[in-house]
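> Can you read through this structure? Questions will come right after.
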Amino acid sequence: MLNASLPIKRAIGQALIRNATGEVLLCQLSYKKFWDLPGGVVDPHESPADAVRREVKEELDVPITLTGLAAVTWLPPWRGWDDAVLFLFDARLDPADESRIHLEPREIQSLHWCDQAAVQEHAAAYTARLIEQAVRAVDSGVGPVYLENSEIPGWA
Numbered sequence: 000m001l002n003a004s005l006p007i008k009r010a011i012g013q014a015l016i017r018n019a020t021g022e023v024l025l026c027q028l029s030y031k032k033f034w035d036l037p038g039g040v041v042d043p044h045e046s047p048a049d050a051v052r053r054e055v056k057e058e059l060d061v062p063i064t065l066t067g068l069a070a071v072t073w074l075p076p077w078r079g080w081d082d083a084v085l086f087l088f089d090a091r092l093d094p095a096d097e098s099r100i101h102l103e104p105r106e107i108q109s110l111h112w113c114d115q116a117a118v119q120e121h122a123a124a125y126t127a128r129l130i131e132q133a134v135r136a137v138d139s140g141v142g143p144v145y146l147e148n149s150e151i152p153g154w155a
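In terms of numbering that gives the first Met the number 0, the sequence shown is residues 0 to 155.
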């Protein structure tokens, strides 16, 4: 009863998976123009971290290890979708599991290891910004970064 009067906000969990050379794993999706990070919508009563693990297992059929939160970004309404909060986790894929990846064909057409130039070329602008900010935060040891539309907000 208490929830009935409160707003509902969609939550998304995604994984920032990088290989030994720092390239980012992007998925070429069957239902989007732009390539995207692995992950998806958080189900009711599911944590964002559990959602990322579940989504990657469903999409790639391999487990990942989450090593920490890289970024949180608020996403504004877009093309009929309400706003959302996206949790981006720094994650590791065991190199031995890479050869065992089996794509979920209804969603994932192919996978690509992308350097920053390829991310800029193939990902949506907000995704490219998110990846850039998250990589910077993780690599510098600053910890998770809070973003709005994948940009650092101008605090007043």
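Note that CB positions come from ideal geometry on N, CA and C, so glycine has one too.
Using three-state DSSP, classify Val144 as helix, strand or coil.
Along the sequence shown, one-based indexing puts residue 144 at 145. Here Val144 sits in strand by DSSP.
> Could you give the C-beta distance for Val61 and Leu92, rounded to a whole number, given that I count them as a contact under 8 angstroms?
Sequence index remark: in the sequence shown, residue 61 carries index 62 (1-based). Sequence index remark: in the sequence shown, residue 92 carries index 93 (1-based). Right, their Cβ atoms sit about 7 angstroms apart.
> Check Ala19 in the structure and name its three-state DSSP category.
Reading the sequence shown from its first residue, position 20 is the one you call residue 19. Ala19: coil per DSSP, three-state reduction.
> Between Leu74 and Leu15, is the Cβ-Cβ spacing less than 7 angstroms?
Here residue 74 corresponds to residue number 75 of the sequence shown, with the count starting at 1. Here residue 15 corresponds to residue number 16 of the sequence shown, with the count starting at 1. No, the pair does not count as a contact, with Cβ atoms beyond the cut-off.
> Using the Cα positions of Glu22 and Gln115, report the straight-line distance between them to the nearest angstrom.
Along the sequence shown, one-based indexing puts residue 22 at 23. Along the sequence shown, one-based indexing puts residue 115 at 116. Their Cα atoms are separated by approximately 8 angstroms.
> Please say whether Ser46 and Gln108 have beta carbons closer to each other than 7 angstroms?
Taking the first residue of the sequence shown as 1, we reach residue 108 at position 109. Taking the first residue of the sequence shown as 1, we reach residue 46 at position 47. Against a cut-off of 7 angstroms, the Cβ pair of Ser46 and Gln108 comes out as no contact.
> Take Gln13 and list the residues in its own chain whose beta-carbon comes closer than 6 angstroms to its own, dropping the five residues that flank it on each side.
As a first step, residue 13 is located in the sequence shown; it is residue number 14 there, counting from the start. Excluding residues within five positions, the ones whose Cβ falls inside 6 angstroms are Leu36, Gly38, Leu87.
> Where does Glu106 sit, in a helix, a strand or coil, going by DSSP?
In the sequence shown, residue 106 corresponds to position 107, counting from 1. Coil, per DSSP.
> Going by the beta-carbon positions, is the gap between Ile63 and Ala95 smaller than 7 angstroms?
On the sequence shown, position 64 is the one that residue 63 refers to. On the sequence shown, position 96 is the one that residue 95 refers to. In this structure, Ala95 does not lie closer than 7 angstroms to Ile63 by Cβ.
> Where does the unbroken beta strand (DSSP E) through Leu74 begin, and where does it stop?
Sequence index remark: in the sequence shown, residue 74 carries index 75 (1-based). Where Leu74 is concerned, the enclosing beta strand (DSSP E) stretches over 64-74.
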